[in-house]
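What follows is a set of notes on a single structure, which appears directly below.
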Amino acid sequence: MLELRKDIFADERDDNLKEIGKPTQRQDMLGHVTATSTYFNDHKLQGMLHLKVLRSPHSHARIRRIDLSEAERQPGVRRIIRGADVPHNLNTLLSLINFGKDDEPTLAVDKVRYKGEPIVAVVADSQREAYEALAKIRVDYEPLPSVFDVEEAMKPGAPVVNETYPKNTFTYHDIYDHQKLRFGDVERGFAAADHILEQRYQMSPIEQAHTETNGSIAAPDTNGRYVVYTSTQALFFSLDTCAKILDVPSNTLHFIGGTVGGGFGGKVDTVTEPLSILGAMLTGRPVRYVIEREEEMIYCAPRGAERIFIKDGVARDGRILARQFRCYFDSGAYTRLSSYAVVKCAAHLPGPYTISNVSADVYCVFTNRVPATAMRGFGVTAVDFAIECQMDKLAHLIGMDPMEFRLINAYRDGDMKAHRREAKNTALIECVQVAAEKAKWPLRDELKRMSSRKDGGGARAAVPATPREPILVSRPAGQQRTPYDRPASPPPEPLRPPPLPPLSPPPAAAPSHGAIRFSSVFGGRRR
Amino acid sequence: MPVTVKTFTTPMEAAAALSSDRAARYIGGGTLLMRALNEGDVSIGTIVRLDDRSLAQVRASGGRITIGAGVTLSQILRDRELAFLHPAARLIGGPAVRTTGTVGGNLFAPAPYGDLSVALLALDATVSVMSGYGARDVALEEFLASRDRSPGALVLSVTCDRPSSPEAFRFRKVARIKPKGVSVLSIAASLPGVGGRVSNPRIAYGAMAPIAIRAKAAERALEGKTLDESGVAAAVAVAAEGTAPATDAIASAWYRREVVGVHLRRLLLGQAG
Amino acid sequence: MAKTPLQFRHNGRDVAIFVDGGMSLLSALRDEVGDHSPKFGCGQGGCGACTVLVDGEPVVSCVTLAETIAGKSIETADGLKTGPELHPLQTAFMDNFAAQCGYCTPGMLMAAKALLEHNPDPSRVEVVEAISGNICRCTGYESIINAVLAAAARRTERRA
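Protein chains in written order, with my numbering: chain B, 1 to 527; chain Z, 1001 to 1273; chain P, 2001 to 2160.
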């Protein structure tokens, strides 16, 4: 059962607190065991209608024609919703914090970009009647070449997945096609290393597989509002996203969430609410849109696949001298949260280790796959898998015990991290020591005496000299090159180590919804 | 078109309803048909139910035993006469699925499901099928090969060998999830003469082809052999011959072909999986 | 739509509802009876969130044709309490932290109840077998198995 190691960081503990450190019962436990915890679908609304969507059978295709005439005549059909019926049919989730461009339609209009993309929504008296109407919809497609591989998608001439991002990469700060991390000089580090290890890691997409599928029920409510029972993990995100897509003031919507039947990141995307609310608006009746199990597993967003290249330079004595990453995150056909995942990734490299030369280029790439989203530490956990595999391989390469290898390279309080923040409250060393103890893995006494709070800082607190790189960006359209424009050349290497100030981001356009500037997304300094 | 449910009390009437209506489907326990309805199969217009107790009977006769199509998997597990089928029945679904899942229904379960028919195939089973012309017996192999082409056929019962001893009939289901999971593959082996030289063995595979199949090359190689390392070697070497496994969410075709011989060997040697 | 009358016993009460052709027992209970305790998780009979008892035996109600339970006795998680008193399984689930999101819990409780009615003193292997048709994505199952064993131990204690 649960074991609390109170001996570790004992002076930072306070056992006289009333809640922290004590077991406590979940406030909804009684509801769970009596089946009174209310999930979105546990509501019986009078005259409720059922919504089902038609999904693209193609990964990439132009839509030439949609024929709804036979479907509309089917018994029980109340309304069929097309892209043209959606007030603001282009959105991206993080536009609420002014991050990214609107790139994803609620219902596809002229093009589908992944197999399973919704095109049309049928609202009918019963689920069966909705399915029967779906079967009568005729769509003429013109299939287009698809791209499913992140590196293929970045090659010139690759099919353009999403016209908002014509090079198939997300754009940061309007001009950069990746997130870049530079700390010290990896080439110098590699030159000084005794061994170099370069490896490629590939993660698959991972399905959250919550037992309750995504879904919502929206109904006209008193005084012109709509009440929405939803499975979402992100109530305010969903409410604001719907207000934007449906072009209504946010106080029109009354979102009721609460108990989520498992989320794990699979319910952050505002999956069903825009259409269920629009259905309620267009029919004047309650509308339920529940994702079926196969739909959920195949067409709803997984955590995206990641391709990770790691190159390490390691010394004979076990110190990692340089670590270089190149990562490609497969966002699928639309951005959703992958742009943010890439930022999280870049911010946490090279992992919980102090390495004086670190370099990373992390890309958010678009392919004709199901759009990716969050799942359990997205942006971080998959890359950490690659890092830890690499750590084991490096230890093997130099003939060192892998636990010892990690302890030697572990970060400590006071060390400078690669993204120029001081490491605080580190605990990798203690975690490795306890894991070794539990696994009965022998550790030398010297290693057992190590501590996260000792031997950090000092020389390890310095920001090393970091060569600048030429800024190679495509100029925004409409800007002329003059004879005086020259690409910036790298400055001569400074030999003293004063920390270079981080590049501040160019000023962003004023957010259109009063959205708050989210500093860690932009990388601005926080005091 | 809304769905209609029609309940009959004789197989003849039920079979007639099935063959006269293209949108009619027969319901056993419902685990296959209701799933299709839930997932939006609009080709189902009529559900044909048969309320006939004779379909839930088990009748032994000499070396063979006849099991009504309506016998549920949990009923098999409660019946000592059917102990030889317990290893297969126990690993299908969970307790709830076994309460309603029927012997007849399992014959229609698509790969990688349908583990009971694997066991029955190795036991030289025949199927009693009712059509517009009356009941006739069909070898299970033939039935499985044509089940998709004869939607109007109504399964009444299955008849199979009764193994002479627990050792003479073995079943193994390979799944990633324990205690029950969908098959990577399953193997049933009927081994008359076990203890000495095997004579007329029958080996059946599940999830190694679109339907349950006999491993005829392995059977021929096992004929007259003893069940020891050297005796089973020839059969194990040709274990994958004649198979056409699919790549699905459970396993790849490559993996299934790679491991079928490993599991066959363990089954024949009586080793744990 | 043509409606078929259906009468049965629901958690000890006689009920009468009308069902559409092809309606599942799960839909009948949730939408017609108004009992939201069994949950929709897959519609395939694979996750067990819809598990209810029919004449004491567990069934996956999402793939059970509603009409087939005419005249039978249905038990759901909604009926486990006796007045305000929790069923021993419910208490044991609380004491052993056997739920997080709670979505699988009604199905788990019914599967466990069926087990304990047939086998009041199960082994751990038998508990695992009994809930093998119920998927939990949150707890990792250990706390649920412990809860069922604890409930069985309490009942055995009380009976002794």
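We treat Cβ as the ideally placed atom computed from N, Cα and C, and that holds for glycine.
Note that the structure is predicted; figures quoted are calculated from it, not measured.
Short CB-CB distance (under 8 Å) between residue i and chain P
| i | result |
| --- | --- |
| B/N214 | no |
| Z/G1094 | yes |
| B/V380 | no |
| Z/R1035 | yes |
| Z/T1102 | no |
| Z/G1030 | yes |
| B/P505 | Reliability of the predicted coordinates at B/P505 is poor, the pLDDT of 39 falling under 50, and no value is obtained from them. |
Span of the beta strand (DSSP E) around residue i
| i | result |
| --- | --- |
| P/S2073 | 2073 to 2075 |
| Z/M1130 | 1126 to 1131 |
| P/V2052 | 2051 to 2054 |
Boundaries (first-last residue) of the alpha helix (DSSP H) holding residue i
| i | result |
| --- | --- |
| B/G279 | 273 to 283 |
| Z/A1015 | 1011 to 1020 |
| B/R188 | 186 to 192 |
| P/Q2100 | Note, P/Q2100: premise wrong, no alpha helix (DSSP H); not H, not E. |
| P/C2042 | No alpha helix (DSSP H) holds P/C2042; DSSP gives it neither H nor E. |
| B/V383 | 381 to 398 |
| B/H348 | 338 to 348 |
| B/I245 | 235 to 246 |
C-beta neighbour in chain Z for residue i, strict 8 Å
| i | result |
| --- | --- |
| P/D2020 | yes |
| B/R369 | no |
| P/T2064 | yes |
| P/A2045 | As written in the sequence, residue 2045 of chain P is Gly, which differs from the Ala given in the question. Answer yes: the Cβ-Cβ gap between P/G2045 and chain Z drops below 8 Å somewhere. |
| B/Y328 | no |
| B/E70 | no |
CA nearest to the CA of residue i, picked from the options
| i | options | result |
| --- | --- | --- |
| B/S69 | B/D103, B/D174, B/Y176, B/V139 | B/V139 |
| B/L134 | B/A71, B/L428, B/G379 | B/A71 |
| P/L2029 | P/G2045, P/I2069, P/G2056 | P/I2069 |
| Z/I1187 | Z/G1193, Z/G1206, Z/R1197 | Z/G1206 |
| B/L447 | B/E430, B/T213, B/I245 | B/E430 |
| B/G266 | B/P286, B/S231, B/L246, B/R288 | B/S231 |
| P/F2097 | B/E388, B/L30, B/D85, B/G351 | B/L30 |
| B/T354 | B/E142, B/R406, B/P402 | B/R406 |
| B/A219 | B/A395, B/S339, B/E273, B/D247 | B/E273 |
| P/G2034 | P/F2018, P/C2042, P/P2120, P/Q2044 | P/F2018 |
| B/L94 | B/R336, B/D221, B/R188 | B/R336 |
| B/A382 | B/Y201, B/L17, B/V248, B/I63 | B/Y201 |
| B/L144 | B/V161, B/E152, B/E151 | B/V161 |
| Z/I1203 | Z/S1117, Z/A1189, Z/V1238 | Z/A1189 |
Min CB distance residue i to chain B below 8 Å
| i | result |
| --- | --- |
| P/F2008 | no |
| P/K2003 | no |
| P/T2051 | no |
| Z/E1039 | yes |
| P/S2037 | yes |
| Z/V1042 | yes |
| P/Y2103 | yes |
| P/K2113 | no |
| Z/V1260 | no |
| P/A2028 | no |
- Could you tell me whether the region 70 to 81 of chain B touches the region 277 to 285 of chain B, where touching means 3 or more Cβ pairs closer than 8 Å? Touching, yes.
- Should the region 213 to 226 of chain B be regarded as contacting the region 249 to 267 of chain B, the criterion being three or more beta carbon pairs within less than 8 Å? Yes: the two stretches touch, three or more of their Cβ pairs being nearer than 8 Å.
- Query: For the region 2121 to 2138 of chain P, which residues have a beta carbon sitting closer than 8 Å to at least one beta carbon of chain B?
  - Reply: Considering only beta carbons, the part of the region 2121 to 2138 of chain P lying closer than 8 Å to chain B consists of I2135, C2136, R2137, C2138, in chain order.
- Where the region 1003 to 1020 of chain Z meets chain B: residues whose CB sits under 9 Å from a CB there: Listed in sequence order: V1003.
- Query: Any residues in the region 21 to 47 of chain B with a beta carbon nearer than 9 Å to a beta carbon of chain P? Which ones, in chain order?
  - Reply: For the region 21 to 47 of chain B, which is checked against every Cβ of chain P, the residues closer than 9 Å are P23, Q25, R26, D28, M29, L30, G31, H32, V33, T34, A35, T36, S37, T38, Y39, N41, D42, H43, K44.
- Message: So, does the region 372 to 382 of chain B touch the region 295 to 307 of chain B, judging by three or more C-beta pairs under 8 Å?
- Response: Touching, yes.
- Query: Does the region 2104 to 2119 of chain P touch the region 2043 to 2059 of chain P, meaning 3 or more C-beta pairs lie closer than 8 Å?
  - Reply: Counting Cβ pairs under 8 Å, three or more are found: they touch.
- Message: Is it the case that the region 1001 to 1009 of chain Z contacts the region 2014 to 2023 of chain P, given that we only count it when at least three CB pairs across the two stretches are under 8 Å?
- Response: Here the region 2014 to 2023 of chain P makes contact with the region 1001 to 1009 of chain Z; the two share three or more CB pairs at distances below 8 Å.
- Message: Assess contact between the region 2117 to 2135 of chain P and the region 1165 to 1184 of chain Z, defined as three or more Cβ pairs (one per stretch) separated by less than 8 Å. Is contact present?
- Response: Three or more Cβ pairs drawn from the region 2117 to 2135 of chain P and the region 1165 to 1184 of chain Z lie within less than 8 Å of each other, which places the two stretches in contact.
- Task: May I ask you to list, following chain order, the residues of the region 129 to 157 of chain B that have a beta carbon less than 9 Å from some beta carbon of chain Z?
- Result: So the close ones are E129, A130, Y131, E132, L134, A135.
- Message: Does the contact criterion of 3 or more C-beta pairs under 8 Å hold for the region 287 to 295 of chain B versus the region 50 to 59 of chain B?
- Response: Contact between the region 287 to 295 of chain B and the region 50 to 59 of chain B is established, with three or more Cβ pairs separated by less than 8 Å.
- Inter-stretch contact at 8 Å, needing at least 3 Cβ pairs: the region 1225 to 1244 of chain Z / the region 1142 to 1156 of chain Z: No, they do not touch.
- Task: Note down, in chain order, all residues in the region 269 to 302 of chain B with a beta-carbon under 7 Å from any beta-carbon belonging to chain Z.
- Result: Correct list: E292, E294.
- Message: With a threshold of 8 Å, are at least 3 pairs of Cβ atoms found where one atom belongs to the region 174 to 185 of chain B and the other to the region 460 to 469 of chain B?
- Response: With the cut-off at 8 Å, the region 174 to 185 of chain B and the region 460 to 469 of chain B touch.
- If you pair each beta-carbon of the region 1063 to 1073 of chain Z with each one of the region 1153 to 1160 of chain Z, do three or more pairs fall below 8 Å? These segments touch.
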